Structures are given as C-alpha cells and as structure tokens.
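*Asks:*
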Amino acid sequence: MANLSKKTKNKNERKTIRELGRMLPIGLKASEQFKFKPKDGSFKFKDWGFKEEEEIAKLKQDESSSGRFATRVLDLMLEELGGLKWSEMDETRLLVLNQACLSDMMYMYIHLRIDSMGHEFAFSHLTCPFCGHDHEEYVVDLRDLDVDCSPKDDPVDSTIDYKLLKPFSWEHNSKAGKVEEKIESLKIRRSPWQVMEEITGETAQNEGLTKRVIIKGSLQGYNDTEGYVDDEKIIGRLQKADYERIDRVIARHNAGPTISVSDKCESCGKKWAQQINWSYDYFLASSSLPSV
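Per this note's numbering, the sequence shown starts with residue 360, numbered consecutively.
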C-alpha cells in the first residue's frame with residue numbers, strides 16, 4: 360500500500376517515442392457499453408490537409424477547454440485505433456477517447472504533431488533560470504522524448520491503494536440509518552482523459568482546483584469499497600500531507616510521455632528544464648517549426 364513514506368520501486372518501463380512508435384504506452388480497454396473491442400494498442404492518423412485545417416479551425420472556435428478541443432482534433436484525425444477503423448465507430452467514439460488513459464491521449468497528441476509537421480520542435484528562445492543567458496531558437500527532436508510505459512503484466516485498469524497519513528471519519532446514510540465510517544485508504548486508478556476535458560476557465564487558472572479535478576477523476580473507491588468517491592465529503596476532507604502525495608502517486612501510475620526537455624546552459628553549465636507548451640496555438644503552429 361503506497362503512501363510514499365518509503366521509496367517504492369517504479370515498475371514502469373522507459374522508452375523513447377522513437378522506440379515505442381505508434382503503440383500506446385498504457386493500452387486500450389474493451390468496453391461493451393461503447394461497443395469498443397480493440398485488437399491492440401496501435402493507432403494511425405490520416406493526412407492533414409486544408410480540409411482538416413478548416414474543420415479544426417471551426418472546432419477551435421467552439422471549445423473553451425484545451426482537453427475537449429484535443430479530443431475533437433484526435434477524433435477528426437484518427438484513421439485507426441486499436442486496429443479498428445475509426446470512421447466505422449458510432450457516436451460513442453468520443454466517449455472512448457474521453458475515458459482513455461490521459462497518458463495515452465497525450466502520447467497520440469504528440470505523435471500527431473510528429474506525423475503532421477515533423478519531429479523537430481523549436482523554442483523561439485529559452486532563458487537560463489540561473490544566469491539569464493538566452494538560448495536562441497532551441498530545437499528538440501520530439502522522437503527523443505522519454506515515455507514511461509506500463510509493464511505487460513499490469514492491466515490498464517489496475518489500481519493502487521494509498522494509505523492516508525491523516526485518516527478521517529464521515530457520516531453517511533445507509534439502509535441501517537446514519538453510519539460513521541473511518542476513511543483510511545483510497546483506491547487510485549489511471550487518470551482518464553475526462554479530467555483534462557473538465558479543466559477549463561477558472562479551473563485552468565487555479566492550481567488547487569486543477570489538482571482537485573485530477574484527484575477526483577483518478578479515485579475509484581476508498582477502504583475496501585470500489586465506486587464513486589464523494590467530492591465534498593471525502594476529497595474535500597483530504598489534508599495537504601495526503602493530497603500532495605496522492606498527486607505524485609497518480610503521476611507515477613499514469614506514466615506516459617515526459618513533456619519537457621532539459622539541457623546544460625552553454626553559458627553557466629548548470630542544468631535547466633523547460634516544459635513544452637502543448638496548447639494548439641503553440642504546439643501545432645508554424646511558430647514551433649525551426650527557421651528555414
């Protein structure tokens with residue numbers, strides 16, 4: 360049972376995008392509800408021409424959530440997913456993406472950038488946080504980004520039991536009347552892409568709200584009970600000592616691509632790290648291409 364009080368072995372297998380190719384790092388789960396029975400974890404995109412560009416421009420005007428917009432872009436551009444023809448899926452295909460693992464969706468999004476615009480991604484400039492030196496047009500090869508993949512013996516829907524450092528009690532109604540129950544542990548699943556679709560507006564500007572949305576979407580039960588975890592009565596009672604650790608457990612369990620680059624400053628020699636902005640206007644725009 361995890362609580363990060365001791366170092367625990369990370370079972371994920373690390374590869375690069377170049378090594379993994381068009382295979383998802385976590386994998387797809389069959390769903391009778393969505394009539395989705397994938398053959399494997401592969402995916403394939405269609406060509407991106409002016410027709411797609413114009414449709415995506417329309418989608419962009421209608422969506423306030425970067426997560427929902429990414430869902431619509433992938434839905435438009437996918438040709439195959441899990442060895443199945445994407446165009447032959449019915450209207451539930453958006454729900455398939457909504458419930459797909461966050462890390463798999465992000466991996467496909469990065470691969471869409473590679474397939475459609477090439478593997479070179481350029482930062483117009485990077486400033487060293489230590490000495491202020493400006494690295495003009497720093498270019499990275501997206502194929503060399505690290506990807507943490509789940510082991511073959513780890514099911515897509517596997518969970519981790521997290522033992523609370525600060526357990527608490529809550530009252531709820533049952534058939535026998537009001538019951539007081541002590542919450543001692545939480546079941547953590549891999550975050551579905553749904554959590555990214557829910558981050559919009561005020562939530563996107565508030566780190567606390569963002570963290571809460573991700574934790575809420577990544578919990579699958581408490582103690583020995585599986586199912587819905589009440590936002591106010593349970594999640595709202597979590598203390599910082601626990602929710603910060605839960606956030607780390609979720610990140611490790613989610614695995615997936617590392618959306619950042621690091622290097623040594625050519626001026627001071629210290630190592631810096633920089634997140635890659637994956638928003639559409641930055642990641643899939645002409646400004647992200649190297650100078651010609």
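No residue lacks a Cβ here, since even glycine has one placed at the ideal position from N, Cα and C. Remember, predicted model here, so these are calculated numbers, not experimental data.
Can you look up L363 in the DSSP assignment and give me helix, strand or coil?
*Replies:* Note that L363 has pLDDT 49, beneath the 50 cutoff, so the model's placement of it is unreliable and no number is given.
*Asks:* Is the separation between the beta-carbon of T559 and that of S424 shorter than 8 Å?
*Replies:* In contact: T559 and S424 (Cβ atoms closer than 8 Å).
*Asks:* Measuring only the C-alpha atoms, how far is I618 from V499?
*Replies:* Going by the C-alpha atoms only, they are around 12 Å apart.
*Asks:* How would you call C460, buried or exposed, if buried means at least 16 neighbouring beta carbons within 10 angstroms?
*Replies:* Classification for C460: buried.
*Asks:* Name the two residues that bound the continuous alpha helix (DSSP H) containing R604.
*Replies:* That run of the alpha helix (DSSP H) goes K599 to N613.
*Asks:* Measure how close the beta-carbons of S390 and V432 come, nearest whole angstrom, since I'm counting them as under 8 Å.
*Replies:* So it is not a contact: roughly 22 Å between Cβ atoms.
*Asks:* Report yes or no: do the stretch 539-558 and the stretch 566-580 share at least 3 C-beta pairs separated by less than 8 Å?
*Replies:* Result yes; three or more Cβ-Cβ pairs closer than 8 Å.
*Asks:* Give the DSSP-derived three-state secondary structure of H478 in the structure shown.
*Replies:* Correct three-state label for H478: coil.
*Asks:* Counting C-beta neighbours from all protein chains within 10 Å, is the total for R427 16 or more, i.e. buried, or is it exposed?
*Replies:* Buried is the call here.
*Asks:* Kindly give me the distance between the Cβ atoms of Y521 and I385, rounded to whole angstroms, as I take these residues to be in contact under 8 Å.
*Replies:* Not confirmed; about 19 Å, so no contact.
*Asks:* Below 7 Å CB to CB, which residues in the same chain sit around R377 once its five sequence neighbours on both sides are set aside?
*Replies:* These residues qualify, in order along the chain: R502 and D503.
*Asks:* By the DSSP assignment, the alpha helix (DSSP H) with A416 in it spans what residues?
*Replies:* Here the alpha helix (DSSP H) through A416 covers F409 to D421.
*Asks:* Measuring CA to CA, which of E585, L523 and K630 is closest to A600?
*Replies:* Of the listed residues, the one whose Cα sits closest to A600 is L523.
*Asks:* Along the chain, where does the alpha helix (DSSP H) that runs through L648 open and close?
*Replies:* Here L648 belongs to no alpha helix (DSSP H), and DSSP marks it neither H nor E.
*Asks:* Could you tell me the alpha carbon to alpha carbon distance between D493 and N636, rounded to whole angstroms?
*Replies:* So the alpha carbons of these two residues sit roughly 18 Å apart.
*Asks:* Nearest CA to the CA of I547: which residue from L443, P526 and N613?
*Replies:* Here the closest residue by C-alpha is N613.
*Asks:* Please confirm whether T562 and V572 have their CB atoms less than 8 Å apart.
*Replies:* Result yes, Cβ atoms of T562 and V572 sit closer than 8 Å.
*Asks:* Could you check the C-alpha separation between K403 and L383 for me, to the nearest Å?
*Replies:* Using only the alpha carbons, I get a separation of about 11 Å.
*Asks:* Would you grab the beta carbon distance between W631 and C487 for me? Rounded to a whole angstrom, and I think it's under 8 Å.
*Replies:* About 6 Å; that satisfies the 8 Å criterion.
*Asks:* Specify the secondary structure class of F652 as computed by DSSP and reduced to three states.
*Replies:* This structure cannot speak to residue 652, because the chain is shown only from 360 to 651.
*Asks:* Any idea if H531 is buried or exposed, counting beta-carbon neighbours within 10 angstroms, 16 or more meaning buried?
*Replies:* Counting Cβ neighbours within 10 Å, H531 comes out exposed, since fewer than 16 surround it.
*Asks:* Enumerate in chain order the residues of its own chain whose CB-to-CB distance from S475 is below 6 Å, with the five nearest sequence positions on each side excluded.
*Replies:* W407, listed in sequence order.
*Asks:* Let's see if you can read the secondary structure: which residues bound the alpha helix (DSSP H) around T375?
*Replies:* Here T375 belongs to no alpha helix (DSSP H); instead the beta strand (DSSP E) covers E372 to T375.
*Asks:* Run through the DSSP bridge pairs and tell me what C627 is partnered with.
*Replies:* DSSP lists no partner for C627.
*Asks:* Closer than 6 Å by C-beta to F480: which residues in its own chain qualify, once you throw out the five before and the five after it? Chain order, please.
*Replies:* Hits under 6 Å: V499, L501 and S647.
*Asks:* Could you give the distance in angstroms between the alpha-carbon of S621 and the alpha-carbon of Q633?
*Replies:* S621 and Q633: Cα-Cα distance of roughly 6 Å.
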